[in-house]
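Trainee: Taken in order, these protein sequences are the chains called A and B. Heads up: the first sequence runs through residues 0 to 96, numbered per numbering that gives the first Met the number 0. Heads up: the second sequence runs through residues 0 to 96, numbered per numbering that gives the first Met the number 0. Glycine included, each C-beta is placed from N, C-alpha and C at the ideal position.
Protein chains: 2
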Amino acid sequence: MTQGRRFVDETMEIDVTIKLKHGVADPEGENTKKALNLLGFKNVRSVKTMKTFRIGVEPEKENEEKVKQEVKEMCRKLLANPVIHDYAIKVVKNHKS
Amino acid sequence: MTQGRRFVDETMEIDVTIKLKHGVADPEGENTKKALNLLGFKNVRSVKTMKTFRIGVEPEKENEEKVKQEVKEMCRKLLANPVIHDYAIKVVKNHKS
Numbered sequence: 000m001t002q003g004r005r006f007v008d009e010t011m012e013i014d015v016t017i018k019l020k021h022g023v024a025d026p027e028g029e030n031t032k033k034a035l036n037l038l039g040f041k042n043v044r045s046v047k048t049m050k051t052f053r054i055g056v057e058p059e060k061e062n063e064e065k066v067k068q069e070v071k072e073m074c075r076k077l078l079a080n081p082v083i084h085d086y087a088i089k090v091v092k093n094h095k096s
Numbered sequence: 000m001t002q003g004r005r006f007v008d009e010t011m012e013i014d015v016t017i018k019l020k021h022g023v024a025d026p027e028g029e030n031t032k033k034a035l036n037l038l039g040f041k042n043v044r045s046v047k048t049m050k051t052f053r054i055g056v057e058p059e060k061e062n063e064e065k066v067k068q069e070v071k072e073m074c075r076k077l078l079a080n081p082v083i084h085d086y087a088i089k090v091v092k093n094h095k096s
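(1) Given this structure, state the Cα-to-Cα distance separating A:Asn93 from B:Lys41, to the nearest angstrom.
(2) With 16 as the cutoff for other CB atoms within 10 Å, does A:Val70 come out buried or exposed?
(3) Going along the region 50 to 65 of chain A in order, which residues come within less than 7 Å of chain B, judged by CB to CB distance?
(4) Would you mind telling me which residues of chain A sit closer than 7 Å to B:Lys47, beta carbon to beta carbon, in chain order?
(5) Here's a check: name, in chain order, each residue in its chain whose Cβ is nearer than 8 Å to the Cβ of A:Leu78, leaving out the five neighbours to either side.
(6) Could you tell me the distance, in whole angstroms, from the CA atom of A:Lys20 to the CA atom of B:Thr48?
(7) Tell me which residues of the region 75 to 95 of chain B have at least one Cβ-Cβ distance to chain A shorter than 8 Å, keeping chain order.
(8) Indicate the three-state DSSP secondary structure (helix, strand or coil) for B:Ala79 in the structure shown.
(9) For A:Ala34, return the contacting residues in chain B, with the cut-off set at a CB-CB distance below 7 Å.
(10) Please compile the residues from chain B whose C-beta is within a distance smaller than 7 Å of the C-beta of A:Glu9.
(11) B:Asn42 versus chain A: which residues are under 7 Å apart at the beta carbon?
(12) Taking 8 Å as the cut-off, decide whether the C-beta atoms of A:Val46 and A:Gly22 are in contact.
(13) In the DSSP assignment, the alpha helix (DSSP H) including A:Leu37 goes from what residue to what residue?
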């Protein structure tokens, strides 16, 4: 209510999608496909699973590219296993742009 | 090589994204946030997890709407728990359109 108080949520939201590399077995997807077929969905040919982390970042760095670079670092250090995973980074909310 | 042989892959691909409803605890996301903060990514404010199933469907029904309806049925019967999950359905590949 007072002057200077900010109600704007400036958090940037970034989606990191982690998927298995081509050729890596996906038993969860395989079993989901089997279950769907057994439930009567005979036209399901394949099911692949992916995981998404929606990361809310305080944009202390103005530059979207820099934030993306930081998220890439997060993938390397924690979120993805480079032996079996590919990842994709996508900005879904940015109040500055 | 012979006449009439088809090389076109007509499989439709549909992404089903399952996320937790607003207010439902996401311990995996919480712990990922903590781990990122501890790794030095201090500006991470929140992490939410989602799961995506990429479903390959043989499009015996011509209509994209009908396939979407069928995938909705899959969510109701197997993929999502209506008590805690919201889901979104998105066609990512359709050779007929």
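Mentor: In brief:
(1) If you number the first sequence from 1, residue 93 of chain A lands on position 94. If you number the second sequence from 1, residue 41 of chain B lands on position 42. Using only the alpha carbons, I get a separation of about 19 Å.
(2) Numbered from its first residue, the first sequence carries residue 70 of chain A at position 71. Flag for A:Val70 reads buried.
(3) Lys50, Thr51, Phe52, Arg53, Ile54, Gly55, Val56, Glu57 and Glu59
(4) Here residue 47 of chain B refers to the residue found at position 48 when the second sequence is read from its first residue. Within 7 Å Cβ-Cβ: Arg53.
(5) The sequence position of residue 78 of chain A within the first sequence is 79, counting from 1. Same-chain partners within the cutoff: Val15, Ile17, Phe52 and Tyr86.
(6) Start at 1 with the first residue of the first sequence, and residue 20 of chain A comes out as number 21. Start at 1 with the first residue of the second sequence, and residue 48 of chain B comes out as number 49. Roughly 20 Å separates the two Cα atoms.
(7) Lys76, Leu77 and Leu78
(8) Reading the second sequence from its first residue, position 80 is the one you call residue 79 of chain B. DSSP places B:Ala79 in coil when its eight states are reduced to three.
(9) Sequence index remark: in the first sequence, residue 34 of chain A carries index 35 (1-based). Under the 7 Å cutoff, chain B gives Leu77.
(10) Within the first sequence, numbered from 1, the residue matching residue 9 of chain A stands at position 10. In chain order: nothing, as chain B lies at least about 10 Å away.
(11) Counting from one through the second sequence, the residue named residue 42 of chain B turns up at place 43. The answer, in chain order, is Val56, Glu57 and Glu59.
(12) Stepping through the first sequence from its first residue, residue 46 of chain A is reached at position 47. Stepping through the first sequence from its first residue, residue 22 of chain A is reached at position 23. Contact flag unset, no.
(13) Here the question's residue 37 of chain A lines up with position 38 in the first sequence. Taken as a continuous stretch (DSSP letters only), the alpha helix (DSSP H) holding A:Leu37 covers Pro26 to Leu37.
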